[in-house]
Amino acid sequence: MSVVEIDWKKKNDKRMTLKEAISTFVKEGCSIIFSGMGGAQCVAQTYEIIRQGVKNLTLIGDSPCECGDMLIGAGLVKRAEIAWCSYAVAGLGNNFRRAIEEGIPHPIELEEYSNYTIGLRLLAGALNIPFMPTKSLLGSDLPVYNKMIKEMEDPYSGERVALVPAANPDVAIVHVSRADQKGNAQIEGFSSNAENMARAAKHTIITCEEIVSTEEIMRYPNLTIIPQYAVDAVVELPYACHPWNFPYAYAYDITFHAMQLEAFKTREGFLKWLDEWCFAFDSWEGYLEKVGYGRLDKLRRIERRFTRSSL
Amino acid sequence: MSVVEIDWKKKNDKRMTLKEAISTFVKEGCSIIFSGMGGAQCVAQTYEIIRQGVKNLTLIGDSPCECGDMLIGAGLVKRAEIAWCSYAVAGLGNNFRRAIEEGIPHPIELEEYSNYTIGLRLLAGALNIPFMPTKSLLGSDLPVYNKMIKEMEDPYSGERVALVPAANPDVAIVHVSRADQKGNAQIEGFSSNAENMARAAKHTIITCEEIVSTEEIMRYPNLTIIPQYAVDAVVELPYACHPWNFPYAYAYDITFHAMQLEAFKTREGFLKWLDEWCFAFDSWEGYLEKVGYGRLDKLRRIERRFTRSSL
Amino acid sequence: MDYSLQELLVAASAAEIKDGDVIFAGVGVPTLGALVAKLTTAPNAIIAMESGSIGPQPYRVILGIGDNPCVENCICTTSLWRLFSDQQRGYFDVGMVGGAQVDKYGNLNSTAIFGKGSYTRPASRLPGSGGANDIASSAKRTIITIPLQRRRFLERVDYITSPGYLDGYDARERAGLPGGGPAAIITNKCVFRFDPVTKEAYLYSVHPGVTVEEVKAEVSWDLKVAEDVKVTPPPTEEQLRITRILDAGGIYTQGNLKNLTFDKYINMLEESYESLKEIFKGVR
Amino acid sequence: MDYSLQELLVAASAAEIKDGDVIFAGVGVPTLGALVAKLTTAPNAIIAMESGSIGPQPYRVILGIGDNPCVENCICTTSLWRLFSDQQRGYFDVGMVGGAQVDKYGNLNSTAIFGKGSYTRPASRLPGSGGANDIASSAKRTIITIPLQRRRFLERVDYITSPGYLDGYDARERAGLPGGGPAAIITNKCVFRFDPVTKEAYLYSVHPGVTVEEVKAEVSWDLKVAEDVKVTPPPTEEQLRITRILDAGGIYTQGNLKNLTFDKYINMLEESYESLKEIFKGVR
């Protein structure tokens, strides 16, 4: 690490806007990973990268949705090291499909793993070890087409294990419930692979539904999944996952998502969507206003009936 | 695993007394590990094993205090795979010293690691992988005297890494803040290596300061570090760590500890202590009464000024 | 009582679950099946969701493996990597997986249909493994759900995303896989199980009204058939009642997502809270 | 202002800490030094405790690496293995380690003094590595604290528990160790630092009143001495004031544990709460 890199993590006030955080850390040609899993996806963060048009990205991820399919559709991804790319219940990843099947907007390199073994790659990255052993992948065709998956004999028992290499992305973008200005990040609910991606990355951007005081963090130290020393920037970014859900915060807007993914079925529909929902605005605030705060508030209020934050 | 072993983990009510839990799972010749690190030690559990006189144990542990030094002094340990054995501020591990230096009461086999690499052995055990790579141990004399520590070239970069083998003890005894009758275990505060030892072991005994309802567990799902499917038995065991502290529960009784360790300086003093504080009673209850509930209550009350449970 | 095919599949999935099972389930029919089992014959079953939630008892339909219902009334929220590690450790009894192609040894493809192309430029690109490879590798038994069609039931899949019994016999053990492999393939017309020695899939039961010949016509290898082919039990009234409460909006069992408006959706959630709270009372 | 040797050591330890440092500290002088630094020159320093606590600001003296003060007003409670992993990742600036023997390359022994015996039957068995090997392997710089005695300062330690620079020069890098190695050895008489090329320890400063010859007499190799040997700065009044509040019972700085009764201990804790709360106000 260079001196400049270390300085970010030592800052006492790491707050910045999303625009600043992306332009500071997400550089052309860099590798990047986003938090979220089958929900709690980094949507606002994806839109900002598309707005800034950062090219030739290597996308690392377990099961990216918007941050996979839309970045690929926007022509910003050179290579993807992932386990899955789609939107599950609401629809398929048609940009991903078009890129692989037809090379539209351009072909991408693909290095495929499974969700767990992407998780293990991040664990290895977080631990600063070169690889992790696993019993996944054995016997399947993933190692046939991905030569980074190696097999070895366990030197203790002689059993077969697969190895996956550490992942150390240039940038991790991790969305959490709340953080203080130093970057101490807390999540209520599941964390998918968030705590390891934050540590595996060279630069870590914490986005959060709410910035709180350090005193508030200290009230629930068991909830801190990422300590300040692993964090470069903190961005307050409410409703960052819309139309996805965020636990204890707002419900899934699946009807919006279905509309979005209907549009993504054609290349033209996707490009039109970008014009209307991304390029039309200078920031996520514009998107949220177009969605409507009344609608967002309904999603927030209905969520409180089901999962009520105890913080 | 045999069918009988699986049945324990599937039980709906796993509550038993400490005496039952130890006699059911801690068998002559088995390997065992205890939770705790520089505090929060499993003292009551150690006394019960001494009372039952279970011999030829293989003790696995990071930095065992009573559960290392006293079990060794009681002549119950055949082999220790550990990183450290002492009592820190209050005194040295004189039983451990006598065993190694003079073979009193009998010699023990020693396989030495560091705290982190014991932690990694348990992580490997919990993940069902045969080993973990690490940058610790390299260059030191630990691999010189412990041939289970291997070195290899990383097949990705060619760099050197050390490997430590998975640990899968027969029994783990893990003390937590609270658990329900199914074994869902929650800790407020640090967890040392508890969550991995519970998963690495074949049988896991959860002891807790308090048994609570499953509804109460569900109120704070983020605090559950061990889910029921990894647990064989649940024992309510308040003040189990005395004279040690337990976070958010009671303060360290260092003056008692100093007295205890003064006694342990001689073999005679240790044996007299066992007679007076262990064999004199049928259960931990007798020890607590001898300490005095007035004293224990003072330790509990003073703790509330400093760390107050939010549960 | 009348029932839809989807409802039969929910019941057939539920039938695979024993009381006390820990189940790794994706959204849709598998989760509905697991919940129906929990609310009927398997009250101590625990459902694990990939994002890192264990044991949810949600008062609404789960719309994603990381949807908020996954944390509702659950016993533990943790990480994806920890949950999969627990599976690799052997704690998970049942894993539910799907795919686009399956072969006679239960190997599944959810990566790419090569067609006239190849892995790098396939005729049809699918989402990929996600957690399916891991589930198929480590769950004690896996339940496969896939529509019965000749183009899907192959001698050998184009790409093994999720290992079944590989080449049959002891190939799976030799590969070093810890989990037990597929226990059943549930389709829209029948259920397959696996020969204990050869590990080849055979026809175990046909759904009511389906003939053995209909099934054979949709399988592209020479299908073995049980001596006494059973009829898949239709859903019980209780199973149907619960399925219809769990998926009151018909999102999975009626394909109603397209017709859903925002207001109807919010309304559906509100009603769901009351009705599901009621049926979960029995298992709490 | 008069001060004890222990108080000087606390101040010398504090002097090694820069603002913003993440410090891996054991109990006693190292933690007191880290806290004194935090309360004076390094308000943004973060102390990590081995049991899994990050950033405690306790209102009482810490009596164990897993004592309850470790979780008091901290920013994160986690696991031992995670904390050490964060250190292996390179997040920890300073690690504080001790031992029974040290050699010219800063290798430390806290495992066994062989004497006329051997590793398996040593003359004196010590507690073992604990976390010391890990700290010495991965912290960006390690600070060694050890009493200056000829039998402890050796050409080569009996057993390398915690790697320093091994055989000097680039031996440490060649071994594959990620951390930077020892930055200083703090003793009761002086401070040593390390030659940037040979990695051999040399005398950097003597404590007030100590001569270079006194130091050389207690080192069993031919000790190199800085051209301009400094005098270790005595504790400042502020450092002393804070040290005496932090360890008001004199457990570490006066050796008072033996005289402590239970009632005096509880009383000490009660008083500590008020006085430490006051001095921590400045950094909160």
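Chains as they are written, first to last, in the numbering used here: chain H, 19 to 329; chain U, 19 to 329; chain F, 18 to 301; chain Y, 18 to 301.
Where is the CB? At the ideal position from N, CA and C, for every residue including glycine.
A quick note: this is a predicted structure, and the numbers were derived from the prediction, not measured.
message: For the ligand COA, is there any heavy atom lying closer than 7 Å to the beta carbon of residue 111 of chain H?
response: Within the structure as shown, the ligand COA is missing, as the structure has no ligands at all.
message: As an exercise, report each continuous beta strand (DSSP E) stretch of at least 3 residues that is fully enclosed by the stretch 149-190 of chain F, in chain order.
response: 158-162
Given residue 180 of chain F as reference, the closest of F/161, F/169, F/168, F/166 once Cα atoms are compared: Checked all of F/161, F/169, F/168, F/166; the closest Cα to residue 180 of chain F is F/161.
- request: Check the C-beta distance from residue 204 of chain H over to residue 241 of chain H and give it rounded, since I have them as a contact under 8 Å.
  value: Between residue 204 of chain H and residue 241 of chain H a beta carbon distance of about 4 Å is seen, short of the 8 Å cut, so the two are scored as contacting.
query: How is the alpha helix (DSSP H) around residue 246 of chain F delimited, first residue to last?
result: No alpha helix (DSSP H) contains residue 246 of chain F, which is instead part of the beta strand (DSSP E) from 241-248.
- request: Using a Cβ-Cβ cut-off of 8 Å, state whether residue 173 of chain U counts as contacting chain F.
  value: no
Beta-carbon spacing of residue 138 of chain U, residue 98 of chain Y below 8 Å: yes
task: For chain H, find out if any of its Cβ atoms is closer than 8 Å to the Cβ of residue 107 of chain U; answer yes or no.
output: no
task: Tell whether a beta-carbon distance below 8 Å holds between residue 218 of chain U and residue 197 of chain U.
output: It is not a contact, given that the beta carbons lie outside the stated cut-off.
message: Determine, for residue 232 of chain H, whether the minimum Cβ-Cβ distance to residues of chain U falls below 8 Å.
response: no
message: Output needed for residue 276 of chain H: all residues of its chain with C-beta closer than 6 Å, excluding positions within five of it in sequence on either side, in chain order.
response: The residues 108, in chain order, have a CB closer than 6 Å to that of residue 276 of chain H in the same chain once the five nearest residues on each side in sequence are set aside.
- request: Answer yes or no: does any C-beta atom of chain Y fall closer than 8 Å to that of residue 224 of chain H?
  value: no
message: Using only CA atoms, which one of Y/237, Y/216, Y/165 lies nearest to residue 203 of chain Y?
response: For the residues Y/237, Y/216, Y/165, the minimum Cα distance to residue 203 of chain Y belongs to Y/165.
- prompt: Excluding five sequence neighbours on each side, which residues of the same chain lie with their C-beta closer than 6 Å to the C-beta of residue 62 of chain U?
  reply: 255, 258, 302
- prompt: Looking at the unbroken beta strand (DSSP E) that takes in residue 120 of chain F, where does it start and where does it end?
  reply: 118-120
message: Taking only three categories from DSSP, how would you classify residue 68 of chain F?
response: Coil, per DSSP.
field: Residues near residue 245 of chain U in its chain [Cβ-Cβ closer than 7 Å; skip 5 each side]
entry: 202
field: For residue 89 of chain Y, the three-state DSSP class (helix, strand or coil)
entry: Looking at residue 89 of chain Y - three-state DSSP - the assignment turns out to be coil, as it is neither helix nor strand.
query: Among Y/244, Y/275, Y/149, Y/178, which residue has its Cα nearest to the Cα of residue 43 of chain Y?
result: If we check each option's Cα against that of residue 43 of chain Y, Y/149 comes out closest.
message: Threshold first: 3 residues or longer. Then list the beta strand (DSSP E) segments lying entirely within the stretch 194-219 of chain Y, N to C.
response: 199-203, 207-211
- prompt: In this structure, what does DSSP give as the bridge partners for residue 115 of chain F?
  reply: Beta-bridge pairing by DSSP links residue 115 of chain F to F/162.
- request: Would you please verify whether the beta carbon of residue 328 of chain U is less than 8 Å from any beta carbon of chain H?
  value: yes
Neighbourhood of residue 133 of chain Y by C-beta distance below 8 Å, restricted to the same chain and skipping five residues each side: 140
message: Within 10 Å of its beta-carbon, does residue 237 of chain U have 16 or more other beta-carbons around it, so buried, or fewer, so exposed?
response: exposed
message: Tell me the rounded alpha-carbon separation between residue 316 of chain U and residue 282 of chain Y.
response: 11 Å
task: Jot down the residue ranges of each uninterrupted alpha helix (DSSP H) in the stretch 224-256 of chain H, minimum 4 residues, whole runs only, in chain order.
output: Complete alpha helix (DSSP H) runs here, min 4: 232-237.
query: Opposite residue 126 of chain Y in the DSSP bridges: which residues?
result: Y/118
- prompt: Terminal residues of the continuous beta strand (DSSP E) containing residue 260 of chain H?
  reply: Where residue 260 of chain H is concerned, there is no enclosing beta strand (DSSP E), given that its DSSP letter is neither H nor E.
- request: Thinking residue 101 of chain Y and residue 133 of chain U are a contact (beta carbons under 8 Å), I'd like their distance in whole angstroms, please.
  value: 7 Å
- request: Verify the CB distance criterion: does residue 194 of chain U have a CB-CB separation below 8 Å to chain H?
  value: no
- prompt: What do you reckon, are the CB atoms on residue 232 of chain F and residue 206 of chain F nearer than 8 Å?
  reply: yes
message: Counting beta carbon pairs with one atom in the stretch 102-118 of chain H and one in the stretch 147-167 of chain H, are three or more of them shorter than 8 Å?
response: no
Separation of residue 26 of chain H from residue 136 of chain F, as counted between CA atoms: If you take the alpha carbons of residue 136 of chain F and residue 26 of chain H, they lie about 42 Å apart.
- request: Please check if any C-beta of chain Y sits within less than 8 Å of the C-beta of residue 197 of chain H.
  value: no
- prompt: Any idea what DSSP makes of residue 204 of chain H, helix, strand or coil?
  reply: strand
query: Near residue 318 of chain H, which residues of its chain fall below 6 Å by C-beta distance, leaving aside the five closest residues on each side in sequence?
result: Setting aside the 5 residues that flank it on each side, residue 318 of chain H is surrounded in the same chain by 268, each with a C-beta closer than 6 Å to its C-beta; the list follows chain order.
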